[in-house]
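Quick note: the sequence shown, position 139, residue 1100 per the working numbering, numbers continuous.
Just so it is clear, CB atoms sit at the ideal spot from N, CA and C, and this is done for glycine as well.
None of these values were measured; they are calculated from a predicted model.
Working notes, beginning with the structure itself.
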Amino acid sequence: MDKLPTFWAVKSDLQVSRQVTTSRGPGTSFQFALAFVDQLFGETVAKEVAEILLMDTSDDDCRKEELNPTEWSFEHNARVLLPVANGSEEIEVVTIVDILRRANVEVLFASVEKSVQILGSQSTRIVADKFIGDAARFDYDLIVLPGGRAGSDRLQKSKVLKKLLQEQDEGGRIYGAVCSSLSVLHELCVLKDKEPLHIQELVTS
């Protein structure tokens, strides 16, 4: 058997060496994928895709702000509901679930469709754990809505999900929304005493 080539330690999380691209761990997956876009189509296209994903790595541009911070702690394994619909943004679905599950959180996919098989906004197939009606029998420490314009529109039509979100708000439990799914929270009027991101194209006052 041939010996493996000698490797040199590098400090970067992403390394492109001739035709080989390598990266360190799941946290680098966005940069890893963009490196291939760069190699296949050039830097301009890679930057365009990065802008679509709101990937800004500049240190002087803080994109996170917490207003009225609250301390949260759980003495039990947290249970999270992630409703999905045809047209939900699969990057957001998979990334949110993956990170929460790595923190030993119980995450439940719930379909608001008539099938548990979901077709994401980029035609990726996702299989939900349950229908939203079956998931509604439980209480959740967190309900988080993925974005995706078409998916958000379909989430907004779910009466079961609306009831769950209203109960979540009234119970003082956590909930969140990404991008276009802010419109779901806006319609329920659960944002009136909150200060969410305001995306004019998605949420009208």
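Between the alpha carbons of Ile1052 and Gly1112 lies a gap of roughly 13 Å.
Taking the Cα positions, Asn1047 is about 13 Å away from Ser1119. In this chain, Leu1014 is not harboured by any alpha helix (DSSP H), its DSSP state being neither H nor E. Excluding its 5 nearest sequence neighbours in each direction, Ser1082 has C-beta neighbours in its own chain below 8 Å: Gly1048, Ser1049, Glu1050, Glu1051, Gly1109, Arg1110, Ala1111, Gly1112, listed in chain order.
In this structure Arg1062 is exposed. Its beta-carbon is surrounded by fewer than 16 other beta-carbon atoms within 10 angstroms. Three or more Cβ pairs closer than 8 Å define a contact, and the stretch 1089-1097 meets that threshold against the stretch 1068-1081.
Between Ala1089 and Thr982, the alpha-carbon positions lie close to 33 Å from each other.
Here Asp1102 has Phe1035, Ala1039, Arg1040, Val1041, Arg1134, Ile1135 as same chain residues with Cβ atoms under 8 Å from its own Cβ, once five neighbours each way along the sequence are excluded.
For Gln1083, no beta strand (DSSP E) run applies, since DSSP gives it neither H nor E.
With fewer than 16 neighbouring CB atoms inside 10 Å of its own CB, Asp1100 falls in the exposed class. Taking C-alpha positions only, Gly1132 is separated from Val1006 by approximately 46 Å.
Assignment of Ser1144 by DSSP, reduced to helix, strand and coil, places it in the helix class.
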